[in-house]
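Chemist:
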Amino acid sequence: HAADANRTDLMTITRYVLNEQTKYPESRGDFTILLSHIVLGCKFVCSCVNKAGLAKLIGLAGETNVQASFSPTFIWGEEQKKLDVLSNEVFIKALVSSGRTCILVSEEDEEATFVEPSKRGKYCVVFDPLDGSSNIDCGVSIGTIFGIYMIKDGDEPKLEDVLQPGKNMLAAGYCMYGSSCTLVLSTGSGVNGFTLDPSLGEFILTHPDIKIPKKGRIYSVNEGNAKNWDGPTAKYVEKCKFPKDGSPAKSLRYIGSMVADVHRTLLYGGVFLYPADKKSPSGKLRVLYEVFPMSFLMEQAGGQSFTGKGRALDLVPKKIHERSPIFLGSYDDVEEIKALYAAEEQK
Ligand code: P6P
Numbered sequence: 003h004a005a006d007a008n009r010t011d012l013m014t015i016t017r018y019v020l021n022e023q024t025k026y027p028e029s030r031g032d033f034t035i036l037l038s039h040i041v042l043g044c045k046f047v048c049s050c051v052n053k054a055g056l057a058k059l060i061g062l063a064g065e066t067n068v069q070a071s072f073s074p075t076f077i078w079g080e081e082q083k084k085l086d087v088l089s090n091e092v093f094i095k096a097l098v099s100s101g102r103t104c105i106l107v108s109e110e111d112e113e114a115t116f117v118e119p120s121k122r123g124k125y126c127v128v129f130d131p132l133d134g135s136s137n138i139d140c141g142v143s144i145g146t147i148f149g150i151y152m153i154k155d156g157d158e159p160k161l162e163d164v165l166q167p168g169k170n171m172l173a174a175g176y177c178m179y180g181s182s183c184t185l186v187l188s189t190g191s192g193v194n195g196f197t198l199d200p201s202l203g204e205f206i207l208t209h210p211d212i213k214i215p216k217k218g219r220i221y222s223v224n225e226g227n228a229k230n231w232d233g234p235t236a237k238y239v240e241k242c243k244f245p246k247d248g249s250p251a252k253s254l255r256y257i258g259s260m261v262a263d264v265h266r267t268l269l270y271g272g273v274f275l276y277p278a279d280k281k282s283p284s285g286k287l288r289v290l291y292e293v294f295p296m297s298f299l300m301e302q303a304g305g306q307s308f309t310g311k312g313r314a315l316d317l318v319p320k321k322i323h324e325r326s327p328i329f330l331g332s333y334d335d336v337e338e339i340k341a342l343y344a345a346e347e348q349k
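For any residue, its number in the UniProt record's numbering is found by taking its place in the sequence shown, counting from 1, and adding 2.
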């Protein structure tokens, strides 16, 4: 009857976080409340993303209809918003209304949002509300990526509170909007995956204690940038394609949507790279709300994440939209990349 017991003993994400919280008796459930508002944002975006495709396909008369059909909270006739702008508004409103945040950094907003004093809490949230949104029209999976810091000292929130190294994050995660809606989360003691059951409107634990394989057979990079790569990256990719030790060549899988590429890397193993190149010397991906959360998850799952110079989570950002090169995934695969960069340093 174990299976039956599991079927009726639903481990929802809220229950999971509450269990986690018992480890910190001093926390008054603030983190659970914060997370429940992030989960609400993800559920809303999931609903919008699923409908956007359909709405576009069947060409609902007048773009405003599409807006109104999303949710009763939209006043009829509101201009059709781009989904990433809409998602950003939803997350900002959900996070502010949680009463547990003081600073928000979004990929969509040039400046950080300082929450008004009456609604302030102790957490700082950095997020990309809809990463990879250029892929919506072709149905490729996209996602929300987030990281959570605690304010450094209890009084007035300052920009320095969101310019902390990634290793100071309390939690990080992503929600992937694909064939199913999957939320992958770490609060610092391992990584767990939850899948949205639309009939319940709940995220149910489906991937307990995710561990990335120590070594993988897949490399994931945009080969179109090959002409601009530096020596170590070029050497590593060459090694993946033409291994000298007689081992089989690795497979290339690149979706061009970070959440989808990282999710596959986490579950199947291998390595995801967005290196620096001559065109973009700091790479393309953003430190606070792409590199840090995905690096946090990789380390928690037994993998690692490297910038070409050092451990990604040791980076101390100077600006909220700073970029960094990133090599993340299976522990042994990233070790090989680190060795190539170390050899370059020795020259
Ligand atoms: P490229 C999507 O635009 C994104 O920000 C990430 O989700 C993705 O990993 C990357 O850019 C893809 O970039 O240059 O390969 O198209």
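Ideal placement from N, C-alpha and C gives every residue a C-beta, glycine not left out. Nothing here was measured: the structure is a model prediction, and the numbers come from that model.
Using DSSP with H/G/I as helix, E/B as strand and the rest coil, what is V87?
Modeler: In the structure shown, V87 sits in a helix (DSSP, three-state: H, G or I).
Chemist: Are there any heavy atoms of the ligand P6P lying less than 7 Å away from the beta-carbon of G190, as far as the coordinates show?
Modeler: Checking every heavy atom of the ligand P6P against the Cβ of G190, none is found closer than 7 Å.
Chemist: What's the call for Y26, buried or exposed, on a 16-neighbour Cβ count within 10 Å?
Modeler: Label assigned to Y26: exposed.
Chemist: Within the continuous alpha helix (DSSP H) that includes C242, where are the two ends?
Modeler: Here the alpha helix (DSSP H) through C242 covers 233–243.
Chemist: I need the straight-line Cα distance from G145 to S181, nearest angstrom please.
Modeler: Cα to Cα, G145 sits roughly 12 Å from S181.
Chemist: Answer with buried or exposed for G331, where buried requires no fewer than 16 other C-beta atoms within 10 angstroms of its C-beta.
Modeler: The residue in question, G331, is buried, as its Cβ has 16 or more Cβ neighbours within 10 Å.
Chemist: Does at least one heavy atom of the ligand P6P sit under 7 Å from the Cβ of D279?
Modeler: No.
Chemist: State the CB to CB distance for the pair P295 and G149, rounded to an integer number of angstroms; the pair is presumed to be in contact (CB under 8 Å).
Modeler: P295 to G149, Cβ: 4 Å. Contact.
Chemist: Fully enclosed by the stretch 175–227, which beta strand (DSSP E) runs are 3 residues long or longer?
Modeler: Runs of the beta strand (DSSP E) inside the stretch 175–227: 183–188, 194–199, 204–209, 220–222.
Chemist: My output table needs one value for Q166: the three-state DSSP class, helix, strand or coil.
Modeler: DSSP places Q166 in coil when its eight states are reduced to three.
Chemist: I'd like to confirm the pairing. Which residues does DSSP put opposite residue 358 in its beta bridges?
Modeler: For residue 358 there is no data in the structure shown, the boundaries of the chain being 3 and 349.
Chemist: On a Cα-Cα basis, can you pick out the residue from V293, I322, V318 that is closest to F329?
Modeler: That would be V293, whose Cα lies nearest to the Cα of F329.
Chemist: Can you grab the Cα-Cα spacing for the pair L202 / Q306, in whole Å?
Modeler: Cα-Cα distance, rounded: 35 Å.
Chemist: Which runs of the beta strand (DSSP E), 3 residues or longer, sit entirely within the stretch 80–144?
Modeler: Complete beta strand (DSSP E) runs here, min 3: 103–108, 122–133.
Chemist: For L275 and T235, which I take to be in contact (beta-carbon distance under 8 Å), what is that distance rounded to the nearest angstrom?
Modeler: About 7 Å separates the two Cβ atoms, so the contact holds.
Chemist: If you reduce the DSSP assignment to three classes, tell me which class Y343 lands in.
Modeler: If DSSP states are grouped into helix, strand and coil, Y343 belongs with the helices.
Chemist: Does DSSP put D279 in a helix, in a strand, or in coil?
Modeler: The answer is strand: DSSP assigns D279 an E or B state.
Chemist: Buried or exposed: where does F298 fall if 16 or more other Cβ atoms within 10 Å of its Cβ makes it buried?
Modeler: The residue in question, F298, is buried, as its Cβ has 16 or more Cβ neighbours within 10 Å.
Chemist: Which first and last residues belong to the alpha helix (DSSP H) in which M171 is found?
Modeler: Run containing M171: none; DSSP gives neither H nor E here.
Chemist: Where does R30 land, buried or exposed, given buried means 16+ other C-beta within 10 angstroms?
Modeler: Counting Cβ neighbours within 10 Å, R30 comes out exposed, since fewer than 16 surround it.
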